[in-house]
Amino acid sequence: MKNFKIIFTFVLFLLFGISSAQKIGVVDTEYILDKLPQYKEAEARLNAQIDTWQSELQNLQSEYEKKRSAFESEKVLLIGDQLKLREKEVMDLEKNIKTTTSLRFGANGEITKLRTSLVEPFQDQIWGAVKTMSEKNGLGIVLDKSNNINVIFLQKRYDYTDKVLDILLKGSSTSDKKEKTNSKSKK
2 MKNFKIIFTF VLFLLFGISS AQKIGVVDTE YILDKLPQYK EAEARLNAQI DTWQSELQNL
62 QSEYEKKRSA FESEKVLLIG DQLKLREKEV MDLEKNIKTT TSLRFGANGE ITKLRTSLVE
122 PFQDQIWGAV KTMSEKNGLG IVLDKSNNIN VIFLQKRYDY TDKVLDILLK GSSTSDKKEK
182 TNSKSKK
């Protein structure tokens with residue numbers, strides 16, 4: 002009788018576990034971001050800013066090279082304070098280049114901050130759409146296959162990327178329609 006209770010309990014847990022199994026879905030956030038026109042515009046603005054900073058840095062670098070080579074060639078002619086002053090100019094310019102590079106392109110630099118501020122609103126939108134889609138489809142777990150998760154095989158029916166994209170694009174077109182309606186009613 003005791004064995005029967007143990008076996009019955011085990012079978013009950015097994016049945017309960019099978020009935021409450023989680024459905025898993027997969028999305029590709031990189032693909033979704035590539036399909037959002039607002040993200041592409043923001044990314045283009047970021048790239049333009051990066052190009053501006055790189056050209057600024059190249060100008061500083063060429064100015065440094067000119068001053069350094071001029072200093073090296075005139076070094077023998079300079080004496081005392083003139084030598085120290087010119088050497089300090091070159092050293093200050095070199096420090097400025099290093100500081101600018103670190104501030105703009107470093108690990109905690111302005112580019113990293115700009116990129117984070119660019120992606121964050123879109124991540125929030127995607128998160129909301131994923132949540133809506135997962136609730137609608139009864140998913141317990143949603144994986145992002147673009148963030149270093151190796152999905153060896155995936156049946157198309159478990160890839161919810163297009164459904165999330167539909168929610169995002171319908172949401173933006175709905176808000177565009179609301180804005181147009183509001184602007185017409187104000188006139």
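Final position of the sequence shown in the working numbering is 188; the numbers increase by one with none missing.
Think of the CB as a built atom: it goes at the ideal place given N, C-alpha and C, for glycine as much as any other residue.
Computed from a prediction, not measured in an experiment: that's the story for all the values here.
| Query | Result |
| --- | --- |
| DSSP beta-bridge partners of Asp160 | Val27 |
| From Gly172, Ser135 and Trp128, residue whose alpha carbon lies closest to that of Asp160 | Ser135 |
| Every unbroken alpha helix (DSSP H) within the region 36–95, with a cutoff of 4 residues, ordered by chain | 38–75 |
| Residue burial classification, Leu169 (beta-carbon count within 10 angstroms, cutoff 16) | buried |
| Range of the contiguous alpha helix (DSSP H) that encloses Leu115 | Glu111 to Asn138 |
| Whether Asp29 touches Lys137 by CB criterion (8 Å) | no |
| Member of Gln55, Leu166 and Glu57 whose CA lies at the smallest distance from the CA of Asp35 | Leu166 |
| Leu78 burial status per 10 Å Cβ neighbour count (16 or more: buried) | exposed |
| Lys194 versus Gln62: straight-line alpha-carbon distance, rounded | No information on residue 194 is available, as it lies outside the stretch 2 to 188 that the chain covers here. |
| Near the ligand MN: Gly172 beta-carbon under 7 Å from a heavy atom | Within the structure as shown, the ligand MN is missing, as the structure has no ligands at all. |
| Cβ pair Leu58, Arg116 closer than 8 Å | no |
| Cβ contact check for the region 64–72 and the region 93–110: 3 or more pairs under 8 Å | yes |
| Cβ distance (whole Å) where Ile33 is taken to contact Thr162 below 8 Å | 6 Å |
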